[in-house]
Structure formats: structure tokens, C-alpha cells
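Engineer: So in full-length UniProt numbering, the last spot in the sequence shown is 202, and the numbers never skip. Just so you know, even glycine gets a beta-carbon here, dropped at the ideal spot from N, CA and C. Remember, it's a predicted structure, so these values are computed and weren't measured experimentally.
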Amino acid sequence: MNDFYLNKTFSDLSSDLLVNKVRANMDEARFRHCQGVSITARKLAKLNNYDEDKAALAGFIHDYAKQVANDEFIRVIKDPKNNFNQDLLNWNRAIWHGIVGTYFIKRDLSITDSEILTAIKRHTTGDVEMTTLDKIVFVADYIEPGRSFSGVDEAREVTFSNLDAGVGYELAHTLQFLANNRQKIYPKTLAAYNVWGIKKEK
Ligand SMILES: [Fe+2]
Ligand SMILES: [Fe+2]
Numbered sequence: 001m002n003d004f005y006l007n008k009t010f011s012d013l014s015s016d017l018l019v020n021k022v023r024a025n026m027d028e029a030r031f032r033h034c035q036g037v038s039i040t041a042r043k044l045a046k047l048n049n050y051d052e053d054k055a056a057l058a059g060f061i062h063d064y065a066k067q068v069a070n071d072e073f074i075r076v077i078k079d080p081k082n083n084f085n086q087d088l089l090n091w092n093r094a095i096w097h098g099i100v101g102t103y104f105i106k107r108d109l110s111i112t113d114s115e116i117l118t119a120i121k122r123h124t125t126g127d128v129e130m131t132t133l134d135k136i137v138f139v140a141d142y143i144e145p146g147r148s149f150s151g152v153d154e155a156r157e158v159t160f161s162n163l164d165a166g167v168g169y170e171l172a173h174t175l176q177f178l179a180n181n182r183q184k185i186y187p188k189t190l191a192a193y194n195v196w197g198i199k200k201e202k
């Protein structure tokens, strides 16, 4: 038995089997992060009148493919059967593990719920359109209890008082971080910032 339990797996797998598969696909630190995101996603769902069990599951599996090898991602992107945009090959695993991660989640965990898969796809980049579940997973990833970057307390405060404001906070700070480190910015993240990150006119 696992000490971590999901009320619903949105798959034919039992909670125990699903938890074991997730644990087997990553190291211990990443697994603890996934548990933290799940617990945080459940709290945010309750606060925002969303399905708590669905949020807990999506949060738990969001990084399922985080430690998949580069060669494997590239093979899956290039396989025409999977219909992935070939521009993905110009990016890296930071982008792949969300967007392409859904391939492994469908294959290994038999989860096909489109809301869950979309939230996984969007969890690293954000998007112009984001559902409540997309937002919950996006910010839970950023503020789960294991996170300790400077500013995380403010991020938690903002997010727990207003989910949209939390999305905006995260996007603004992520763009700042990427620019400060002279890293490439995924166009969708910039587009998402222009929707969720800017201060609304009074
Ligand atoms: Fe991730
Ligand atoms: Fe994550």
C-alpha cells in the first residue's frame, strides 16, 4: 500500500497501481514534488469550486514525463502517427515534458480525459486560453510546499487569494527569470503573459 492515495484515477488503474507507475518513472525528489503539487491542486480546487479529485490527479501526474530521455521525446515527436508539431524539435525537454508528456500519460496510465491532458500540456508554458484546471495545475506546480525560491511566499499569498492573479504573478516572474538568464522564451508563454500577466485597466 502507498501512503499517497488518489480518490479517483480517471483511468482503469487502481490508485496503488497508478501511484507505483508514477513513482517508477522518476526519482524520489521529483515524486515528492508531484505529491506536493497534487495536495496544493486539491486545496486550490476547493477554493475555486472545482472538482478536487480531478485537480489532485492532474497535479500528481503533471511531471510524469519529466525524466524521460531526450532521444525518446525526439522519437515520439518525429513519429507521424503522433501528429506533433515538428517545431517542437527546436525546443528542449523543459517544453517537451508537458506537451509531449501527454503521449506517455495516455500510453502508460491510460488517462484520456481531455481536460486533464490539456492541463498537463499547458503546465509549463501557460496559454492564452486557460481553463480552471489549467490554472490550478500551472500555479500549484509553482507554489507547492517543496518550493523555496525567493518570492514564493508572496506567490502563495497572491494565488490563494485569487487564482487568475496567481497565474499572472507566475508568468511575470517566469519571464523575468528567463530574460535575466538570457534564456529562450516559448512564444506561447509570452502570449499568455499578455493575457494574464498585465495589470488590468481600472
Ligand atoms: Fe513540469
Ligand atoms: Fe512540476
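1. Tell me the residue span of the alpha helix (DSSP H) that contains Asn20.
2. Check Phe104 in the structure and name its three-state DSSP category.
3. Residues around ligand 2, please: the condition is that the C-beta lies closer than 5 Å to some non-hydrogen atom of it.
4. Any heavy atom of ligand 1 inside 7 Å of the beta-carbon of Lys21?
5. Measuring only between beta-carbons, confirm whether Ala179 sits less than 8 Å from chain E.
6. Between the beta-carbon of Thr131 and the beta-carbon of Gly98, is there less than 8 Å?
7. For ligand 1, any of its heavy atoms closer than 7 Å to the Cβ of His97?
8. Taking 7 Å as the cut-off, is the beta-carbon of Thr125 closer than that to any non-hydrogen atom of ligand 1?
Structural biologist: Walking through what the data contain:
1. Stepping through the sequence shown from its first residue, residue 20 is reached at position 20. 15 to 24 is the span of the alpha helix (DSSP H), which, as asked, contains Asn20.
2. Here residue 104 corresponds to residue number 104 of the sequence shown, with the count starting at 1. Here Phe104 sits in helix by DSSP.
3. Every residue whose beta carbon comes nearer than 5 Å to a heavy atom of ligand 2 appears here in chain order: Asp63, Asp141.
4. For this step, residue 21 is matched to residue 21 along the sequence shown. No, Cβ of Lys21 sits at least 7 Å from all heavy atoms of ligand 1.
5. Considering every chain present, this structure includes no chain E. It has just one protein chain.
6. Taking the first residue of the sequence shown as 1, we reach residue 131 at position 131. Taking the first residue of the sequence shown as 1, we reach residue 98 at position 98. Not closer than 8 Å, so no.
7. As a first step, residue 97 must be located in the sequence shown, where it is residue number 97. Under cutoff, so the answer is yes.
8. Locating residue 125 in the sequence shown gives position 125, counting from the first residue. Thr125: no, Cβ never under 7 Å from ligand 1.
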